[in-house]
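**Q**
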Amino acid sequence: RIFDRDDKRISPSTIPHAILLMKDVLINADYWDNEPKIFSAEYAFDGILGIPPPLTADAVKEAGGAFEIVECSNGLKKTFTRAPQLPLLVATFGHPSKFGDGLPVVFSWPVLPSSVQATDFIVTLNTGQTVIPDAISIYPNSDYNERNTVVLVSPDLGNRLRPDEEGAEYPVEIRIAKDDTPLMLVGPKGQVSGVGLTYDTRYHPYVNGPQLIIAKLSVFKNKGDDGPGSYGINKNSGKSIYRRNVEYRLRILTNWGISPDGLLYIRPDQYEDYFYIQVELQNGDVINLTKANYVYLLDGHELEILGLAELGTKSRRYDDCYVDDRDNQIDIILKGDEEAMRLIKKVVLPSNGKYKAVYNPGGPGPNPEKGVRY
3 RIFDRDDKRI SPSTIPHAIL LMKDVLINAD YWDNEPKIFS AEYAFDGILG
53 IPPPLTADAV KEAGGAFEIV ECSNGLKKTF TRAPQLPLLV ATFGHPSKFG
103 DGLPVVFSWP VLPSSVQATD FIVTLNTGQT VIPDAISIYP NSDYNERNTV
153 VLVSPDLGNR LRPDEEGAEY PVEIRIAKDD TPLMLVGPKG QVSGVGLTYD
203 TRYHPYVNGP QLIIAKLSVF KNKGDDGPGS YGINKNSGKS IYRRNVEYRL
253 RILTNWGISP DGLLYIRPDQ YEDYFYIQVE LQNGDVINLT KANYVYLLDG
303 HELEILGLAE LGTKSRRYDD CYVDDRDNQI DIILKGDEEA MRLIKKVVLP
353 SNGKYKAVYN PGGPGPNPEK GVRY
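First residue of the sequence shown: 3, per the working numbering; consecutive thereafter.
Right, dumping it as C-alpha cells:
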C-alpha cells in the first residue's frame, strides 16, 4: 500500500520504478535453507533515509549522516553519502518517508515481490510500542537471483541511544502479520506463506558491526544476475568482472550491507583485506586460504581465488571513488577443481588483526563529525 505525504493513496502509475522493481521475476535465486525462516531482522540506522532536496552536506549532516567529497585517481571528485534523497526513496520504495530509519529483513528463501507490503510487518520496540513501517521494498536486493531481503522504512523504528542508555528505543521483535495480501516466499516446491514467522533481534547498529549470516558455494551461473530496467545496469557479476575465468561462486549473506568505513565501498580487489576461506583436507588439517590470484594445491587439486564480485562494475583502476550495488550479498569468485571446492568449510569475515574492519552503511566515513553517533 502506497501513501502520499497526507497518507492518501498514490496511484502506482506515478511511481513506475517501484512498480517495476516489485514485479514477480525470480531467476536462479538462492535457497539458503531447507525451511522458510527469517535469518535476520536487525535495526540498521536512524533518520537518514529520505532527505528532502536539495541534498547538501549540511542537510545530510543535520540528519546525522556522513557526507564526503572524495578525490578520484583520475583527478575528478565524487560526492559520497549513504543518506538517499527523498525522490530516490519514493522511486524505490513508493512512499515519501522523510528521515526514515532502516531495517533489513533477510529471509532464507526469496520473496514473491508483488506480495510484499508494509502491512505484512509488525515491529515491536523495547518500549512495547508496535510499528507498521511506512514503506518497504526489495531494493537494493534488486537482481533477479537475489530478492531474499526486504528493507523496512519508518522514522519510528528507533533512535541512536544504546540499549543500556535511558530513553533508548529499538526493535526487539519482527513478526510477519496476516493481511489482505499475505507475504509469500518462493521455495523449491512453490509459494509458501510467510505469515507467522518471527525474529527476536540480537544486534544493535550503534553497538555491533555487520554480521556474516551464511555462505553458499555453487557452480557459477550468470543467469539472473541483473535486474529490471535501470536496476540492471550495474554489471557486477563474476562473469562481468573476471570474464571466462570464473567457475565457482561462494556467495556470502550479511545482516546489513558492509562498508570499509560506513560511507565508501569494498572493491573487487580487496579479498585479502576482509576475508579468508577455510578448507579441511582429508587428513583433518585445516588451512586458511588468505591469498587471491594464487593457485592452492589441496589434496592434489587446484583452487584459485580470483577476487570479489557482486559489488560494482569492472574498472582498470580501483580507488576510493568505486561504488557498489549497496546490498547485503558479496560473491567470492573461484576457479579450479571440483574436488578442491568440496574441501571448503567456511568463509570468515574477521574484522580484526591484520584484516580491515567493516562498518554498517551510514557512517562515520573518513572524516566524521565530532559528537555524532553513526
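Ideal Cβ placement from N, Cα and C applies to all residues, glycine included. Since we're looking at a predicted model, the values are computed, not measured.
1) Going along the chain, which residues of its own chain have a beta-carbon closer than 7 Å to the beta-carbon of Glu371, five neighbours each way excluded?
2) Measuring from the CB of Val297, is there a heavy atom of the ligand SAH at a distance below 7 Å?
3) DSSP three-state label for Pro173, please.
4) Helix, strand or coil for Arg253? Go by DSSP, reduced to three states.
5) Is it the case that the Cβ atoms of Glu304 and Gly338 are separated by a distance below 8 Å?
6) Compute the beta-carbon to beta-carbon distance between Leu255 and Ile216, rounded to the nearest angstrom, for a pair I have assumed lies under 8 Å.
7) From Arg319 to Lys79, what does the alpha carbon distance come to, in whole angstroms?
8) Can you tell me which of Pro230, Tyr298 and Asp122 puts its alpha carbon nearest to the alpha carbon of Leu199?
9) Which residue marks the beginning of the alpha helix (DSSP H) containing Ser353, and which one marks its end?
10) Assuming Trp258 and Glu70 form a contact by the criterion Cβ under 8 Å, report the distance between their Cβ atoms to the nearest whole angstrom.
11) Are Asp181 and Gln119 closer than 8 Å when you measure CB to CB?
12) Can you check which of these residues, Ile124, Ser144, Pro352 and Thr132, is closest to Ile21 by C-alpha distance?
13) Using the DSSP secondary-structure output, state which residues sit across from Leu28 in a beta bridge.
14) Please state whether the Cβ-Cβ distance between Val197 and Ile178 is less than 8 Å.
15) Taking the beta strand (DSSP E) that Ser156 falls in, what are its first and last residues?
16) From Gly355 to Lys39, what distance separates their C-alpha atoms?
17) According to the neighbour-count rule (16 or more other Cβ atoms, all chains shown, within 10 Å of its Cβ), is Leu299 buried or exposed?
18) Decide if the region 142 to 156 is in contact with the region 357 to 376; the criterion is three or more beta carbon pairs, one per stretch, under 8 Å apart.
19) At which residues does the beta strand (DSSP E) containing Pro106 begin and terminate?
20) So for Lys63, helix, strand or coil by DSSP?
21) One question on the structure: do Thr129 and Glu171 come within less than 8 Å of each other, judged by their Cβ atoms?
22) Candidates Leu336, Lys348, Cys323 and Asp327: which alpha carbon is nearest Gly77's?
23) According to DSSP, is Leu114 part of a helix, a strand, or is it coil?
24) Tell me whether Ser242 sits in a helix, a strand or coil according to DSSP, three-state version.
25) Using DSSP's beta-bridge definition, name the partner residues of Lys348.
26) Could you check what DSSP says for Asn290 in three-state terms: helix, strand or coil?
27) Please say whether Val360 and Phe277 have beta carbons closer to each other than 8 Å?
28) Give the DSSP-derived three-state secondary structure of Leu265 in the structure shown.
29) Can you look up Ser232 in the DSSP assignment and give me helix, strand or coil?
30) Of all the options Lys191, Leu114, Val194 and Ile138, which has the alpha carbon lying nearest to the alpha carbon of Ile124?
31) Going by alpha carbons, who is nearest to Arg164 out of Ser261, Asp48 and Gln213?
32) Which whole-angstrom value describes the C-beta separation of Leu28 and Val188, a residue pair presumed to lie in contact below a C-beta threshold of 8 Å?
33) Is the number of C-beta pairs between the region 146 to 153 and the region 103 to 116 that are closer than 8 Å three or more?
34) Using a threshold of 8 Å, state whether the C-beta atoms of Leu127 and Val92 are closer than that.
35) To the nearest angstrom, how far is it from the Cα of Asp321 to the Cα of Ser75?
36) Quick one: give me the first and last residue of the alpha helix (DSSP H) that Leu90 is part of.
**A** Walking through what the data contain:
1) Lys63
2) Absence of the ligand SAH from the depicted structure is noted, as is the absence of any ligand whatsoever, leaving it without description.
3) strand
4) Looking at Arg253 - three-state DSSP - the assignment turns out to be strand.
5) Yes, the Cβ-Cβ distance between Glu304 and Gly338 is below 8 Å.
6) About 5 Å separates the two Cβ atoms, so the contact holds.
7) 15 Å
8) Closest option to Leu199, Cα to Cα, is Asp122.
9) First-last for Ser353: undefined, no H or E at that position.
10) Not quite, the Cβ-Cβ distance comes to about 20 Å (not below 8 Å), so this is no contact.
11) yes
12) Ser144
13) Leu28 pairs with nothing; no bridge assigned.
14) Yes; because the gap between Cβ atoms is below 8 Å, this pair is in contact.
15) Segment Thr151 to Ser156, the beta strand (DSSP E) holding Ser156.
16) 34 Å
17) exposed
18) no
19) Gly102 to Phe109
20) Correct three-state label for Lys63: helix.
21) Yes, the pair counts as a contact, with Cβ atoms nearer than the cut-off.
22) Cys323
23) coil
24) DSSP places Ser242 within a helical segment (H, G or I) once states are collapsed to three.
25) Gln280
26) Asn290 falls in the strand class under three-state DSSP.
27) no
28) coil
29) helix
30) Ile138
31) Asp48
32) Their Cβ separation, rounded to whole angstroms, is 6 Å, which keeps Leu28 and Val188 in contact under 8 Å.
33) yes
34) no
35) Straight through space, the alpha carbons of Ser75 and Asp321 are spaced by roughly 6 Å.
36) From DSSP, the alpha helix (DSSP H) with Leu90 extends over Leu88 to Phe95.
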